[in-house]
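In my numbering, the protein residues as written are 143 to 274. All residues carry an ideal CB built from backbone N, CA and C; glycine is no exception. Taking it in order: structure first as structure tokens, then the write-up.
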């Protein structure tokens with residue numbers, strides 16, 4: 143039986159402060175593929191050629207290895223950023239395979255986590271406020 147990715151209740155975002163020497167940073171959340179992980183130094187998105195990612199498809203997360211160590215005091219942010227989309231299509235009368243269904247549900251839960259984190263970082267009107 144194939145081991146499926148487990149999307150744990152961990153926000154898909156973590157921050158570190160560079161000490162000017164460390165080049166490896168662990169992230170505790172799952173990613174589906176390496177390109178799902180984005181790296182920021184302070185507010186600047188880093189090009190994916192400036193770091194490598196291990197741990198794709200691993201429920202417990204992985205590690206980012208930076209090619210260039212940022213200066214001491216730089217805030218390093220690792221965040222999972224997914225394209226919010228449906229990944230599979232189930233056909234009427236077709237086979238409903240558990241692994242395909244599990245993969246789809248994992249991806250959708252990860253998207254919901256991403257939206258939840260983005261909402262906690264946004265200004266939101268209280269429930270009693272008028273729409274505007």
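Check: residue i C-beta below 7 Å from any heavy atom of the ligand SAM
i: residue 222; result: In the structure shown, the ligand SAM is absent, as is every other ligand, since no ligand is present at all.
Under 8 Å between C-beta atoms of residue i and residue j
i: residue 214; j: residue 192; result: no
i: residue 168; j: residue 219; result: no
i: residue 172; j: residue 200; result: yes
i: residue 165; j: residue 216; result: no
i: residue 170; j: residue 156; result: yes
i: residue 176; j: residue 198; result: yes
i: residue 160; j: residue 211; result: yes
Three-state class that DSSP yields for residue i in the structure shown
i: residue 186; result: strand
i: residue 259; result: helix
i: residue 181; result: strand
i: residue 143; result: With a pLDDT of 35 at residue 143, under the threshold of 50, the modelled position of this residue cannot be trusted; read the value that follows with caution. Coil.
i: residue 167; result: strand
i: residue 266; result: coil
i: residue 148; result: coil
i: residue 210; result: coil
i: residue 238; result: coil
i: residue 226; result: coil
i: residue 273; result: coil
i: residue 248; result: helix
i: residue 161; result: coil
First and last residue of the uninterrupted beta strand (DSSP E) at residue i
i: residue 232; result: That residue, residue 232, is in no beta strand (DSSP E); it is neither H nor E in DSSP.
i: residue 195; result: 193–196
Residues bridged to residue i [DSSP beta-bridge criterion]
i: residue 174; result: Beta-bridge pairing links residue 174 to no other residue.
i: residue 156; result: 220
i: residue 116; result: There is no way to answer for residue 116, as the model of the chain reaches only from 143 to 274.
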